[in-house]
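Colleague: Counting in the numbering used here, the sequence shown runs from 1 upward without gaps.
Mind having a look at this structure? Questions to follow.
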Amino acid sequence: MDDDDESRFQSAFRHAPTGMALCTPHGDIEEANEALGRLLGRNADDLLGTSLFEVTHDDDLRAAHAACAQMRRAETYFTRQSVRLKPADGSTVHVVVSTSRVDDRHGVVRRYVMHVEDVTDRIALEGALQHQALHDPLTGLPNRALFVRRLTDVASAATTGATRVGVLFVDLDRFKAINDNYGHAVGDSVLVAVARRLSTLLRPGDTVARFGGDEFLLLCQNVGIAEVTRIAERITAAIEDDITVGTLRLPVTASIGVAVRGQADNPPEWLIREADMAMYRAKAEGRARIQTFSPDMGGDPS
């Protein structure tokens, strides 16, 4: 490479829009460009002599060391990794690092050329979209899809002994009258208030979800009938405390159906169906009560 070529390369390297670095086979930075300096909150020249592993997130160090060692052993000449880096301000940035190996004429590795792409915004957007897909926009609770996913995971690991998985189906009584008499904005406020009250009753590992409309589901781990019934009683007491919306004090009650996982070969979704049937039995018997599922409840109550 003549002097002009070297000058052009250095200019392109220093001013590239994405982070770039030239590193030793052991990960020490020999050269860094301005974009990498900005990404790490440091002057590019101050990075010289710094180990890449010093700015790599602790949880990603093992994978980073393994990739570096793999290239030193000539097992590969290119790697692409998603890792997190630690800027000087203590924050975390998500990056994709593409690394190429440069050998001398004897085939011995001389350095690595690294391209560092900041994907923090993309990761944040993906996380936000995933959250939206799995949570109710009004209450912020998990939605039906996330509840079913968690139920499936928990039920598959549950034992068939006394310690089991419980589902509580909570349906607000005469909620339509609130919407009809006071408007949907008041109804929405009631749903948010109920969601908050249910959330305060959660034990570690449990889940409360808005199933749709005025229906909520709770997933309780490591429970038998007695414990899940006590949880239902606490829910009843929490909901029946009048809800204040503006100048209104609204009495609210709920009918609750309870089901606990039985035979291990039952699909997890059966628990929701059984809790739903138990809830409809509670409605039929006068509302504002708790009903535990039993096989004599028959078919789908809907």
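Don't be surprised by glycine CBs; every beta carbon is placed ideally from N, CA and C.
A quick note: this is a predicted structure, and the numbers were derived from the prediction, not measured.
Rounding to the nearest angstrom, what Cα-Cα distance links Arg-144 and Gly-212 in this structure?
Modeller: Within the sequence shown, numbered from 1, the residue matching residue 144 stands at position 144. Within the sequence shown, numbered from 1, the residue matching residue 212 stands at position 212. Near 8 Å, if we compare the C-alpha coordinates of Gly-212 and Arg-144.
Colleague: On a CA-only basis, which of Leu-191, Phe-13, His-57 and Arg-196 is nearest Ala-44? Give me that one, please.
Modeller: Translated into positions along the sequence shown, residue 44 becomes position 44. Of the listed residues, the one whose Cα sits closest to Ala-44 is Phe-13.
Colleague: On the three-state DSSP scale, how would you describe His-65?
Modeller: Counting from one through the sequence shown, the residue named residue 65 turns up at place 65. If DSSP states are grouped into helix, strand and coil, His-65 belongs with the helices.
Colleague: Going by C-alpha to C-alpha distance, which of Phe-169, Val-170, Asp-171 and Gly-187 sits closest to Ala-177?
Modeller: Walking along the sequence shown from the start, residue 177 turns up at place 177. Ranking the options by Cα distance to Ala-177, first place goes to Gly-187.
Colleague: Would a check of beta-carbon distances place Leu-134 closer than 8 Å to chain C?
Modeller: The structure shown contains no chain C; it holds only a single protein chain.
Colleague: Which of the three DSSP states, helix, strand or coil, is assigned to Gly-224?
Modeller: As a position in the sequence shown, residue 224 is number 224, starting the count at 1. DSSP places Gly-224 in coil when its eight states are reduced to three.
Colleague: When you compare only the Cα positions, how much space is there between Thr-79 and Val-108?
Modeller: Residue mapping note: residue 79 aligns to position 79 of the sequence shown, counting from 1. Residue mapping note: residue 108 aligns to position 108 of the sequence shown, counting from 1. About 18 Å.
Colleague: Kindly indicate the opening and closing residues of the alpha helix (DSSP H) around Thr-200.
Modeller: Indexing the sequence shown from 1 puts residue 200 at position 200. Per DSSP, Thr-200 belongs to the alpha helix (DSSP H) from 184–200.
Colleague: DSSP on Gly-166, reduced to helix/strand/coil?
Modeller: Your numbering for residue 166 matches position 166 in the sequence shown. Looking at Gly-166 - three-state DSSP - the assignment turns out to be strand.
Colleague: Could you check what DSSP says for Val-252 in three-state terms: helix, strand or coil?
Modeller: Residue numbering aside, residue 252 sits at position 252 when the sequence shown is read from its first letter. In this structure, Val-252 counts as coil in the three-state DSSP scheme.
Colleague: Please report the distance separating the alpha-carbon of Leu-250 from that of Gln-291.
Modeller: Here residue 250 refers to the residue found at position 250 when the sequence shown is read from its first residue. Here residue 291 refers to the residue found at position 291 when the sequence shown is read from its first residue. When rounded, the distance between both Cα atoms is 24 Å.
Colleague: Please state whether DSSP places Phe-78 in a helix, a strand or coil.
Modeller: Looking up residue 78 in the sequence shown gives position 78. DSSP places Phe-78 in strand when its eight states are reduced to three.
Colleague: What does DSSP give as the partner residues of Gln-291 in its beta bridges?
Modeller: Taking the sequence shown and counting its residues from 1, the one referred to as residue 291 is at position 291. Partner(s): Gly-257.
Colleague: Roughly how many angstroms lie between the CA atoms of Arg-38 and Val-95, to the nearest whole one?
Modeller: Within the sequence shown, numbered from 1, the residue matching residue 38 stands at position 38. Within the sequence shown, numbered from 1, the residue matching residue 95 stands at position 95. If you take the alpha carbons of Arg-38 and Val-95, they lie about 13 Å apart.
Colleague: Taking the straight line between their C-alpha atoms, what separation do you get for Val-170 and Met-279?
Modeller: Translated into positions along the sequence shown, residue 170 becomes position 170. Translated into positions along the sequence shown, residue 279 becomes position 279. When rounded, the distance between both Cα atoms is 7 Å.
Colleague: Per DSSP, which residues does Leu-217 bridge with? Please list them.
Modeller: In the sequence shown, residue 217 corresponds to position 217, counting from 1. Leu-217 is bridged to Phe-169 and Ala-209.
Colleague: Which residues in the same chain have their Cβ closer than 6 Å to the Cβ of Ala-274, if we skip the five residues on either side of it in sequence?
Modeller: Stepping through the sequence shown from its first residue, residue 274 is reached at position 274. Looking at the sequence provided, one finds Glu at residue 274 rather than Ala. Once the five neighbours on either side are set aside, the close Cβ partners of Glu-274 are Ala-259 and Phe-293.
Colleague: Below 7 Å CB to CB, which residues in the same chain sit around Asp-60 once its five sequence neighbours on both sides are set aside?
Modeller: The residue you call residue 60 lines up with position 60 of the sequence shown. Answer for Asp-60: Val-83 and Arg-84, listed in chain order.
Colleague: Report all residues from its chain with a CB closer than 7 Å to the CB of Arg-110; omit the five preceding and five following residues, and keep chain order.
Modeller: Counting from 1 along the sequence shown, the entry for residue 110 is found at position 110. Within the same chain, Arg-110 has close Cβ partners Val-102, Asp-103 and Asp-104.
Colleague: Measure the Cβ-Cβ separation of Leu-198 and Leu-218 and say whether it is below 8 Å.
Modeller: As a first step, residue 198 must be located in the sequence shown, where it is residue number 198. As a first step, residue 218 must be located in the sequence shown, where it is residue number 218. Contact: yes.
Colleague: Does the separation of the CB atoms of Val-116 and Lys-86 fall below 8 Å?
Modeller: Stepping through the sequence shown from its first residue, residue 116 is reached at position 116. Stepping through the sequence shown from its first residue, residue 86 is reached at position 86. For Val-116 and Lys-86, no; Cβs fall outside 8 Å.
Colleague: Which residue or residues does DSSP assign as beta-bridge partners of Ala-21?
Modeller: Taking the first residue of the sequence shown as 1, we reach residue 21 at position 21. Bridge partners of Ala-21: Ala-32 and Met-114.
Colleague: Nearest by alpha-carbon distance to Gly-286: which of Asn-179, Thr-253, Val-97 and Ile-272 is it?
Modeller: Position 286 of the sequence shown holds residue 286. The candidate whose alpha carbon is nearest that of Gly-286 is Thr-253.
Colleague: How would you call Thr-139, buried or exposed, if buried means at least 16 neighbouring beta carbons within 10 angstroms?
Modeller: Numbered from 1 along the sequence shown, position 139 holds the residue referred to as residue 139. Classification of Thr-139: buried, given that the 10 Å Cβ count is 16 or more.
Colleague: Which residues in the same chain as Thr-18 place their Cβ atom closer than 8 Å to its Cβ, once the five residues preceding and following it in sequence are excluded?
Modeller: Translated into positions along the sequence shown, residue 18 becomes position 18. Cβ within range, chain order: Ala-35, His-115, Val-116, Glu-117 and Asp-118.
Colleague: Measuring straight from C-alpha to C-alpha, what distance separates Thr-229 and His-57?
Modeller: Numbered from its first residue, the sequence shown carries residue 229 at position 229. Numbered from its first residue, the sequence shown carries residue 57 at position 57. Approximately 45 Å, taken between the alpha carbons.
Colleague: Taking 7 Å as the cut-off, does the CB of Val-228 come closer than this to any heavy atom belonging to the ligand HEM?
Modeller: As presented, the structure is devoid of all ligands, the ligand HEM included, so that no description of it is given.
Colleague: Are there 16 or more other CB atoms within 10 angstroms of the CB of Ala-185, so buried, or fewer, so exposed?
Modeller: Your numbering for residue 185 matches position 185 in the sequence shown. Its Cβ having fewer than 16 others within 10 Å, Ala-185 is exposed.
Colleague: Among the residues of its own chain, which have a CB less than 6 Å from the CB of His-65, if the five just before and after it don't count?
Modeller: By 1-based counting over the sequence shown, the position of residue 65 is 65. The answer is none, since no qualifying residue turns up.
Colleague: From Val-165 to Ile-235, what distance separates their C-alpha atoms?
Modeller: Position 165 of the sequence shown holds residue 165. Position 235 of the sequence shown holds residue 235. Rounded to whole angstroms, Val-165 to Ile-235 spans 17 Å at the Cα level.
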